Every structure is written in structure tokens, then in C-alpha cells.
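Have a look at the structure below before the remarks.
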Amino acid sequence: MIRLMLNGRETALDVDPDMPLLWALRDHAGLTGTKYGCGIAQCGACTVHLDGQPIRACVTPVAAVEGAAVTTIEGIEGPVAEAVRGAWRDLDVVQCGYCQSGQIMAAVGLLAQTPSPTEDDVVAAMDGNLCRCGTYQRIRAAIADAAARLG
Amino acid sequence: MLFTPTLPPVTRRGVLVGGLTLGLALALGGRRVRAAAPAGGLDAPAAPNAFVTIAPDDTVTVVVKHLDMGQGVSTGLPTIVAEELDADWAQMRFAFAPADARLYANLAWGPVQGTGGSSATANSWMQLRKAGAAMRAMLVSAAAAEWGVPESEITVARGRIRHAASGREAGFGVFAAAAAALPVPAEPRLKRPDEWTLIGREDLPRLDGAAKTDGTAIYSLDVRVPGMLTAVVAHPPRFGARVAGFDDAAARAVPGVVDVVEIPTGVAVVARDTWSALRGRDALEVTWDDTRAETRSTEALVADARAVLDRPGIRAAGEGDAAGALAKAATVIEAEHVFPYLAHAAMEPMNGTIARREDGSYEAWGGFQIQTIDQASIAAILGVTPDRVRLNTLFAGGSFGRRAVPGADWVSEAAHVLKATGARAPIHLVWTREDDMGAGHYRPLVVHRLRAGLDADGRIVGWEHRIAGKSILKGTPFEALIVADGVDATSVEGARALPYAVGAHRLTVHETRELVPVLWWRAVGHTHTAHAIETMIDELAHAAGRNPVDYRLSLLEEGSREAAVLRRAAEAAGWAGPAGGDGRGRGVSVHTSFGTAVAMVADVSISGTEIRVARVVAAVDCGVPVNPDVIRAQIEGAVGFALASVLRERVTLADGVVQETNFDAYRPTRFSEMPRVEVHILPSENPPSGIGEPGVPTLAPAIANAVFAATGRRLRSLPLDLSGEGA
């Protein structure tokens, strides 16, 4: 039994400790907003927050988050999350939307740490998140917009 | 396969409409049912009740008959209805249609429900305008009857029905039931463009924006059916290989694994969750029979395509004596281009869920792109009629053509697993990235040879174009649809009717034989034909000593849409020439696909062998711009999607085995590489044409031409490789 704080609630998952957090979330915690894209930490679709830091859930064994706080797209809240979501919606960033949970989690992680990111900060935070629809231009604009809202 | 389609090609404005076209006859259970193509082509009788439902709370739900894979049909199609209905955007909702080709056929294809060829808006345009207008008229009639006033005195605006003289006012909801029961007006009055308040508006938010930013949007991989089991399949490493034998003892010993079954495409491990299924598959031992498998490597496949090019091909287009004209030309330029296999690599790998219901019928959930084929495929495998298969079409995490498969590969695999397990539990079929990348259905490997000749004044006098590759459609249920006189139109689209005056013209197609499954990949044949043509035009401009924009304009028909978008892009980019030097260069291209003309100007910089694209300026004529912001998003996205295919993407085979199976080796465009993209939409009152695909074809030639400006090197093949010998 793996115990963790999941989206602010104490949660116990009765799963193989080697199971990647991604599959534990999707198949056992009923949280399908976190997506599978590659399974090898190359696309970022599975990005969640571990104690506030963006991580790739597809390569994180669930045993590694025992006792930690995990936040998914369903549970992210607060001023930074609101600013990011608002910017994403106002700029109509999404196309297919499949990668956008991970993009938003990466952007929230960035702005929570670095409210006024430089271009290098943004690239460092976002370059690991693939978007096959090519929404990067709007992601860039939405991050700037969210930073301005928070400013 | 039980399909017997008979599909003659259809033309629109003299141009073949992208991928699929007309008329499908299904022979099911020995009984041949032939559906008739809807009369009137892209027009259809008003069917408000099939497309519009109004709830008591005033929300208006538009039934969207197309798959939304990101292109925005779940916003664009409701816009058309809302306009004619005089609804308020805030009250609009959408729902994906069930599989029902009688109501929801793609009018550009005939009696087939499906999405592709950038046809969603074009084929729905009149249908949804009429649906919205008819529903509006019915609401007015219902209100007039209830209020006892003449219909002519009632006005509708922003979701409110009013009768000024009596001061009465209501929303749509109170009259919805009465309106839906009224006779449908055959020819409801449609608004004039000057009356539009929603079409063309910049500020309508996407209807799927909220659900896709809070984790609540349900994609097919998110489907959870009570009692379902998850299946993963061990697929053969080579195309055409079959299962010779397998040992499932270790797999069955993995906790959570419930069953291991052989299916036509491999061996399926069925388990209580995804992780158990994956571990079970890892433990499975399968031996493969490669007797009838593709065992060639990429180099051999390219060599074989070149050899096919040396032999006579099938004539696909022509005018005059091209060989004779070239023999007399003052200057002849020859080019050979090799285009690799490309994977769609949608972010959501293929997957689907299927269940048997208590009454013996079946229900499936997926990102279905050709519902009629998918439904019939499931029905055939499970031995029922298609009406006994209910499809739930969900958001698709990308497609780029991959979910529209004439052979219904992933859909069929889910049905086979369900069948092989006795349909005891619902089956959730999951493909890993490796399964998805290794499953073929690539953009074909294609080799072009082009010879063009100039006279002493720099005019083109002869054009000879040869294209070798595997036909996408031959041997599929869609063969008769689009293969005419031996030519698969998807192999040569974009190269048949050139917008330029090229003198004598000859185009031949040379078919290769291979076992690698190939498929349409966003913009299909245009992905290679536009590159071959637009880089050749650039070479000719250079040979003629002309500015590439002026040269193109001199060859284009004055007043053509190509000339208009080219002028607009050049002007917006501040075009003053290729602007080479200092490791920088600028290139231009123009091409029409799916009824839409696009021009692009690309700015590149070169550092060593690395090509960076700083900026792309695009101009687009896609008819009436229904949702300008969605149009811009599709062009921006097409640049982001296609860029990596220009710079590095390719699927290669080594002894028949796919080498690039995940994003470490097949590397889509990343955030840091995204150019600044500016999109200029030309105003138009022509009916809307495609927008999902037309942004792709112009990118590669614009970049290649810019690389020439920067380096003086003509990199003809894709991806562009400055490290090689090149030309």
C-alpha cells in the first residue's frame, strides 16, 4: 500500500510499488487528466507536481512518491494556476489538447518558482513538453500573459 | 474484409478534393446494400433536428459529425449554426454525432461518415447554415403561434426572440419542443454575409478550451468502462510477419494478467490494468514467421524506387511534347528528391475500447475518423450487422490522418481481442508509443525526378516529372474511390495541374511494391509534390536571374489566388529578395491544396550544419474565414508540426525493422525551435475550403529555398541535411 497526499487528500494506492505513478494515477486513482505519450520522459504529457516540482510521472515509480504531495491537472489551484489556465483559455492555446495538461503543469511549475521568467527560463521549463499540434507560439504567449497577470 | 466499395472520383471547382471521395457500397452478410450519394454534392436538405438540439435552459447543442483531432471543428461547425440561428455564443455547446451515415455522411465523400481531406467545414457549410436557419424559422413559428402574433413581426438576436409591439421576449428553450415538432422549411432564408455577426469574428473562444485545460476532456485512452480489462499486443517486428508460436507461461504468471490470446495481428496480453499488461507482454515469448515479411532496409527501398523510376510509368497528366521541348531548351535543370517514411506520431497513441452489451450488440469508444468503416469493420469481426455496433466518438489526441484507416487497423485489433477473449469483459486496447510508431501507415517513401527547361529568355518550355512510391489506396477498400486509369490521385495531387505556365508538361507515376503499410499524412501527396515543384521553380528563377517572387508572379495567371497570396505574403514579410549572406537566407513558396491557396516566406539562419527557422510569414485564401483565429492556429500548428519533418524526422528500416520507435529517435519540433509565425487571411466570400492541411506543403520548400539563399546549396531531399554531400 503506497500512501501519499494526492491533490490535497490522503490517498492509499494498493499497487505494485514499481508501477509508474502515471499508471497508478490513471488506472487506480481515477485521474485521467495526466496523459501517456511516450513512457520514457521524452514528451512531458505526464507532467505532475511532486512537492511542487514538475516531474515525469511515466518514469517515477509510485514507491518514490510515498509520503509526498502529488498534484495533477485536476488538483492544481491557486493564483498561478488560475492565471495560467485563464491565459490558456483567452489565447485559445489548445488544439487536440492531449499534451496540454502537461504543458500547463510545466508552466505553473515555472511561474510558481520564477514569476518573471526570462526567455531562457521559459525554454528550460517548456522544451521537454512536446506538442505535436505545434501550439508552441501560443504557449509562449500564454506564459507571458500569465506572468503579466501575476505581476 | 467484406467491403466492396465502388467510388468514382468527384471534383470540386475542377480540383480533386484531397484524400477520399465518393460513393461506398457495403456488402455485409452477403447482402449488398448500396447507398446513394446525396444529391447536390456539398448541399443537402435542411435537417435541423439532426444537427441542433435546444434544451429548456436555452443551451444549443450542435451535433458535430466530424472527429475533432485538434483542428477545431467542435468550434467551427457550431459557429455556422449559431450564425443562422441568431444564437448567442455563450449558449452554444457541441456533441459528437453517433455513427449514422444516413444523417452524418461527409457530403464531399458520399455516403460515408468520416473526417479528412480538410473537408469538414467545406462539406458542412450549406448543410449547417440550412440547419440553423431552419431551426430559427421553426422557433419563430412556434413563438408566433404561442403569442398570437404574425411571424413577420418577430425578431431574433443573440439568443432572444422578441415581439416589439407587444413587448414579449423569450429565450429559445421555452419554444424548443414546439419548434422541433414543426414541419421543416425546405429552403429557409440564409443570411447575407453583411448580416453575419459570428462568422468571421476574432473573439469567439473555442468551445473545447475549458475542458482541455482542467483535465476533464475525455480522450479515448481515458475511457473507463465498468469491468474492463486492458489489452496490449505483442506485434511482429517486421511488416507482414505472423505469429509462428508463443510461450505465455511467464506472462500468465505476472500478477494482474488475466488472459493471453492470439489474434491476427499478434499476441494480446489482457490484464487488470495497463502496467500489468505491459509487464505481461515483456514476459511473453513470441517467435515470428518472417517468410512473407518485408525484410529490406531503407537504402534498398530507395534503390528499388529509383529503379522503378527508370522504367516507364503511368501517365498522370500531360500536355504537349515535354521530352521534345526539353531537348530544345537552352537550359535544363534536373533534380532528384528522396522523401522518407514519416510517422504521424499523434500525442495520443492509437487505442480504443469495446464492450458487448447484454442484448448482444456492441459498443465502442474511440477517436473514430471514418465511422462508417470503423463500425462496419467491428461488425464484420464480431459477426453482427453494423446497426448493432454503437460508436462513441471522443476527442482525439491528434491524428494527422492516422486515425482514418481504410483497413481500420487499431479499431479491428480491439474487436479481435474482444472476440478472442469471448467478450467476457470490455476490452481497452492500449498501444504504447512503440506500438504506434512501429505499426506502419507512414507517409510513403517517395522519390521524385524532375526535369525542367528554360528558353533563352528564362521562360519555362518543358516540364517532365516522375514520381515513384507506393500507392496509399491500391489494395484497400477505397481503391475504386480515387484510383482512376491506374493513378492513385493521392500520389500525384498537387503535381497534376500546375498553377504556373510550364510549357509542355508530362507527369508519370511509378509504383513501388513493398509491404510497409502507407497512409495519408497531413496534406498527403502535397507533402512531397509541393516541395519538388516549389524548389524547382526556385532553381529556375535563379537560373533565369530573376527574383523568386517576381518570377513566380510572371508564371502565375494574373488574378489567380496563388498570385494574391504570394503578393500578400511577400508584402507582409517585407520581401526584397532572397536576402542571402551572413548565414541567413529567405525563401518563398506558394501552393494550393484542399481548395486553399497558401504562400509562405521563411527566414532561416545557418550555424554549422544546423538550420534554424526564425520566422514564417503566411498568407492564406481559404474562402470565407469562418473562425479566423482557428485558421491562424491551424497554420501556426502546421508550421510546428511540419518543421521537424523538414529538419530531421524520418522512419527508417534496417532489415525490415523500424528503427525510430519513440520520441528519443523520432524527434518532433520542440518549443525552442518554434519560429515566429504570422498568418494573413485574405478576405473572401467564396465557400470555405480546407484549413487543417494546407499549411503543411509550403513550409519545406520555403525553408529549402531559404537555405539555398543562405548557403548556395540545393538540399533537395527531405529532411534537409547540411552535413551530407548534398547537391
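Top line first, the protein sequences correspond to chains A and B. Per this note's numbering, residue 867 is the first one in the first sequence, and the count goes up by one each step. Per this note's numbering, residue -11 is the first one in the second sequence, and the count goes up by one each step. We treat Cβ as the ideally placed atom computed from N, Cα and C, and that holds for glycine. Predicted model, so just to flag it, every value in this text is computed and none were measured.
*Consult DSSP for residue 902 of chain A and reduce its assignment to one of helix, strand or coil.*
Within the first sequence, numbered from 1, the residue matching residue 902 of chain A stands at position 36. In this structure, residue 902 of chain A counts as coil in the three-state DSSP scheme.
*asked:* Just to confirm the assignment, what range does the alpha helix (DSSP H) spanning residue 701 of chain B have?
replied: Translated into positions along the second sequence, residue 701 of chain B becomes position 713. First-last for residue 701 of chain B: undefined, no H or E at that position.
*Using a Cβ-Cβ cut-off of 7 Å (strictly less than) and excluding sequence neighbours within five positions of residue 920 of chain A, which residues of its own chain qualify?*
Along the first sequence, read from residue 1 onward, the residue named residue 920 of chain A stands at position 54. Excluding sequence neighbours, residue 920 of chain A sits near 913, 971, 972 and 975.
_Just to confirm my understanding: we take residue 7 of chain B, look at its own chain, exclude 5 residues before and 5 after, and list those with CB closer than 7 Å. What are they?_
The count along the second sequence starts at 1 and reaches residue 7 of chain B at position 19. Residue placement at residue 7 of chain B is poorly supported in this model, since its pLDDT is 31, which falls under 50; the coordinates still yield a value, given next. Closer than 7 Å at the Cβ level, and outside the excluded window around residue 7 of chain B, lie 104, 105, 478, 508 and 512.
*Measure from the alpha carbon of residue 382 of chain B to the alpha carbon of each residue in B/214, B/279 and B/199, then state which is nearest.*
Start at 1 with the first residue of the second sequence, and residue 382 of chain B comes out as number 394. Considering only alpha carbons, the answer is B/199.
*For residue 611 of chain B, which three-state DSSP category applies?*
By 1-based counting over the second sequence, the position of residue 611 of chain B is 623. Coil, per DSSP.
*At what residues does the beta strand (DSSP E) containing residue 591 of chain B begin and finish?*
Your numbering for residue 591 of chain B matches position 603 in the second sequence. 584 to 595 is the span of the beta strand (DSSP E), which, as asked, contains residue 591 of chain B.
_Please give me, in chain order, every unbroken run of the beta strand (DSSP E) with length at least 3 that falls completely inside the stretch 215 to 303 of chain B._
217 to 222, 230 to 235, 245 to 251, 254 to 259 and 273 to 277
*Identify, in the order they occur along the chain, each residue of the same chain with its Cβ nearer than 6 Å to the Cβ of residue 18 of chain B, setting aside the five sequence neighbours on each side.*
Taking the first residue of the second sequence as 1, we reach residue 18 of chain B at position 30. With a pLDDT of 27 at residue 18 of chain B, under the threshold of 50, the predicted position of this residue should be treated as unreliable, though the coordinate-derived value follows. Nothing meets the Cβ criterion.
*asked:* Can you give me the C-alpha to C-alpha distance between residue 945 of chain A and residue 342 of chain B, rounded to a whole angstrom?
replied: On the first sequence, residue 945 of chain A is found 79 positions in, with the first residue counted as 1. On the second sequence, residue 342 of chain B is found 354 positions in, with the first residue counted as 1. Approximately 41 Å, taken between the alpha carbons.
*For chain A, find out if any of its Cβ atoms is closer than 8 Å to the Cβ of residue 207 of chain B; answer yes or no.*
Within the second sequence, numbered from 1, the residue matching residue 207 of chain B stands at position 219. Yes - at least one Cβ of chain A is within 8 Å of the one on residue 207 of chain B.
*Closest Cβ-Cβ distance between residue 915 of chain A and chain B: below 8 Å?*
The residue given as residue 915 of chain A occupies position 49 in the first sequence. By this cut-off, residue 915 of chain A is not an interface position.
*Closer than 6 Å by C-beta to residue 648 of chain B: which residues in its own chain qualify, once you throw out the five before and the five after it? Chain order, please.*
Translated into the one-based positions of the second sequence, residue 648 of chain B becomes position 660. Once the five neighbours on either side are set aside, the close Cβ partners of residue 648 of chain B are 639 and 654.
*asked:* So the candidates are B/231, B/34, B/448 and B/534; which of them puts its Cα closest to the Cα of residue 310 of chain B?
replied: Here residue 310 of chain B refers to the residue found at position 322 when the second sequence is read from its first residue. Among B/231, B/34, B/448 and B/534, the Cα nearest to that of residue 310 of chain B is on B/448.
*Distance between residue 635 of chain B and residue 990 of chain A (C-alpha atoms, nearest Å)*: Counting from 1 along the first sequence, the entry for residue 990 of chain A is found at position 124. Counting from 1 along the second sequence, the entry for residue 635 of chain B is found at position 647. Using only the alpha carbons, I get a separation of about 21 Å.
_Please classify residue 1006 of chain A as buried or exposed, where buried requires at least 16 other C-beta atoms within 10 Å of its C-beta._
In the first sequence, residue 1006 of chain A corresponds to position 140, counting from 1. Residue 1006 of chain A is buried by the Cβ-count criterion.
_Unbroken alpha helix (DSSP H) run spanning residue 525 of chain B, endpoints_ = For the purposes of this step, residue 525 of chain B is taken as the residue at position 537 of the second sequence. Note, residue 525 of chain B: alpha helix (DSSP H), 514 to 531.
_Against residue 940 of chain A, what residues of chain B qualify as contacts under a CB-to-CB distance less than 9 Å, listed in chain order?_
Taking the first sequence and counting its residues from 1, one reaches residue 940 of chain A at position 74. Chain B residues near residue 940 of chain A: 202, 203 and 204.
*Reduced DSSP secondary structure (H/G/I, E/B, other) of residue 891 of chain A*: For the purposes of this step, residue 891 of chain A is taken as residue 25 along the first sequence, with counting starting at 1. If DSSP states are grouped into helix, strand and coil, residue 891 of chain A belongs with the helices.
*Consider the Cβ of residue 979 of chain A: report whether some Cβ of chain E lies at a distance smaller than 8 Å.*
Going by chain labels, chain E is absent from the structure shown, which instead holds the protein chains A and B.
_Where residue 992 of chain A meets chain B, residues with beta-carbon distance less than 7 Å_ = The residue labelled residue 992 of chain A in the question sits at position 126 within the first sequence. Neighbours of residue 992 of chain A on chain B, chain order: 659.
_For residue 940 of chain A and residue 328 of chain B, what's the separation of their Cα atoms in angstroms?_
Here residue 940 of chain A corresponds to residue number 74 of the first sequence, with the count starting at 1. Here residue 328 of chain B corresponds to residue number 340 of the second sequence, with the count starting at 1. Between residue 940 of chain A and residue 328 of chain B, the C-alpha separation is close to 40 Å.
_Cutting at 7 Å between CB atoms, please list the residues of its own chain near residue 722 of chain B, excluding the five before and the five after it._
Not covered by the structure: residue 722 of chain B. The range shown for chain B is -11 to 715.
*Work out the CA separation of residue 414 of chain B and residue 212 of chain B for me, nearest whole Å.*
Here residue 212 of chain B refers to the residue found at position 224 when the second sequence is read from its first residue. Here residue 414 of chain B refers to the residue found at position 426 when the second sequence is read from its first residue. Rounded to whole angstroms, residue 212 of chain B to residue 414 of chain B spans 10 Å at the Cα level.
*Are the C-beta of residue 386 of chain B and some C-beta of chain A separated by less than 8 Å?*
For this step, residue 386 of chain B is matched to residue 398 along the second sequence. True, the Cβ-Cβ gap to chain A drops below 8 Å.
*Hey, residue 84 of chain B and residue 52 of chain B are a contact pair by Cβ (cut 8 Å); roughly how many whole angstroms apart?*
Position 96 of the second sequence, counting from 1, holds the residue named residue 84 of chain B. Position 64 of the second sequence, counting from 1, holds the residue named residue 52 of chain B. Residue 84 of chain B to residue 52 of chain B, Cβ: 5 Å. Contact.
_Cβ neighbour criterion (16 or more within 10 Å) applied to residue 918 of chain A_ = By one-based count along the first sequence, residue 918 of chain A stands at place 52. The residue in question, residue 918 of chain A, is exposed, as its Cβ has fewer than 16 Cβ neighbours within 10 Å.
*Residue range of the unbroken beta strand (DSSP E) whose run includes residue 451 of chain B*: Here residue 451 of chain B corresponds to residue number 463 of the second sequence, with the count starting at 1. Start and end: 448 to 457.
*With which residues is residue 353 of chain B paired in a DSSP beta bridge?*
Looking up residue 353 of chain B in the second sequence gives position 365. Its beta-bridge partners are B/341 and B/380.
_By the three-class DSSP mapping on this structure, what secondary structure does residue 919 of chain A have?_
On the first sequence, position 53 is the one that residue 919 of chain A refers to. If DSSP states are grouped into helix, strand and coil, residue 919 of chain A belongs with the strands.
*Kindly indicate which residue of B/119, B/387 and B/339 has the alpha-carbon position closest to the one of residue 681 of chain B.*
Taking the second sequence and counting its residues from 1, one reaches residue 681 of chain B at position 693. Taking only the C-alpha atoms, the option nearest residue 681 of chain B is B/387.
*The beta strand (DSSP E) spanning residue 116 of chain B covers which residue range?*
The residue given as residue 116 of chain B occupies position 128 in the second sequence. Careful: residue 116 of chain B lies outside any beta strand (DSSP E), inside the alpha helix (DSSP H) at 108 to 135.
_Span of the beta strand (DSSP E), counted from its first residue to its last, around residue 387 of chain B_ = Within the second sequence, the letter at position 399 stands for residue 387 of chain B. First-last for residue 387 of chain B: undefined, no H or E at that position.
_Beta-bridge partners of residue 642 of chain B, as assigned by DSSP_ = Locating residue 642 of chain B in the second sequence gives position 654, counting from the first residue. In the DSSP output, where bridge partners are listed per residue, residue 642 of chain B has B/645.
*According to the neighbour-count rule (16 or more other Cβ atoms, all chains shown, within 10 Å of its Cβ), is residue 515 of chain B buried or exposed?*
Start at 1 with the first residue of the second sequence, and residue 515 of chain B comes out as number 527. Buried, because 16 or more other Cβ atoms sit within 10 Å of the Cβ of residue 515 of chain B.
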